[in-house]
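Residues 8 to 257 (my numbering) make up the sequence shown, in order. Beta carbons: idealized from backbone N, C-alpha and C, even for Gly. Reviewing the structure listed below.
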Amino acid sequence: GSDRLGNGTYSWEDTTNTLSLNGVTWTTTAETAFHLGQNDVILLLDGDNVNTFKVSGDHMYNDGKSHRSYGIYCKGKITINATNWGQLEAFAGNYTITGATSGQTKGIYAEGGYIQNGGDVTANGGNIPNSGSSMGIDAGVYEAKANITVNGGDLNATAGSGATVAGISAFGNVIVNAGRITGYALDTGATFAYGIFAVDKLILNSGTVIAQGTSTGKMKTVGINVSALELPSVYKYLKNIESGIPEEDY
């Protein structure tokens, strides 16, 4: 059966670690709106309903410590499935911090990686001062790489303000097999601003990539910052044209 949360319903399937959402809205003043387990699946039901997890308010600290806010946090891997183009929104909180050396605010943070097989996902980081970082979506940690993989649907990620900002960030690869990804980092005061950042590669097998990084003459501001760019589908397309293969045959 289903239980109510906010204006919608949810259900949990223990054998598959699947959380089904149908029009759930959850807003909190806590620093993280929603915690997932090690390796969980989110199933988005009914495309007419939006599922929202949001950290509200401005969190103010004067303790000299590093603070973190997440719209959705997962210690392991997150998998997104959808029926009828289900929708998910995740918003991290804002900070006003005095004396802290760092901190982070991320719409979605999946330490073990992120896989999206469909649906419309929006992930927004909040604002953080000093040397903090803001990211729309982030996967992996420095010690353990993880990928962001989109096999279908739309992933729209926007950073807030901070010293380092990125719409989409991965300590591994960003892989697009179908669908569309959009990464924006538009804080003009940031030291580093990346629409899409990957420690390893951006691999575009099919689909669409949109990225923009904007800053006012700081150290680095780029739309895409990766170690390598792979475009297998584009390469195949060009090789087929060169070989004279009719377009309808590939």
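Under 8 Å between C-beta atoms of residue i and residue j
i    : j    : result
G147 : A153 : yes
G78  : I115 : yes
D47  : N29  : no
T112 : A99  : yes
Q45  : G83  : yes
V128 : L162 : yes
W19  : F60  : no
L43  : S27  : no
T165 : G196 : no
S141 : S168 : yes
Close Cβ partners of residue i (< 6 Å) along its chain, the five nearest in sequence each way excluded
i    : result
A185 : N158, G159, S213, G214
N101 : D65, G133, N134
D207 : G179, N180, S234
L211 : V183, L238
A218 : G190, G202, I203, G230, I231
R75  : Q111
G174 : G143, A164, T165, A166, G190, Y191, A192, G202
Which residues DSSP lists as bridging residue i, in chain order
i    : result
S141 : T112, V172
G120 : K84
L209 : V181, L236
A153 : Note: A153 sits in no beta bridge, so no partner.
N29  : T16
T129 : E96, N163
For residue i, the three-state DSSP class (helix, strand or coil)
i    : result
E20  : strand
G230 : strand
T259 : It is not possible to answer for residue 259, since the shown part of the chain is limited to 8 through 257.
T165 : strand
N58  : strand
V47  : Note that residue 47 is Asp in the sequence shown here, rather than Val. Strand at D47.
Chain-order list of residues whose beta-carbon lies under 8 Å from that of residue i (same chain, five-residue window excluded)
i   : result
E38 : V62, H66, H74, R75, S76, Y77, G100
Neighbourhood of residue i by C-beta distance below 7 Å, restricted to the same chain and skipping five residues each side
i   : result
T36 : S63, G64
T25 : V48, L50
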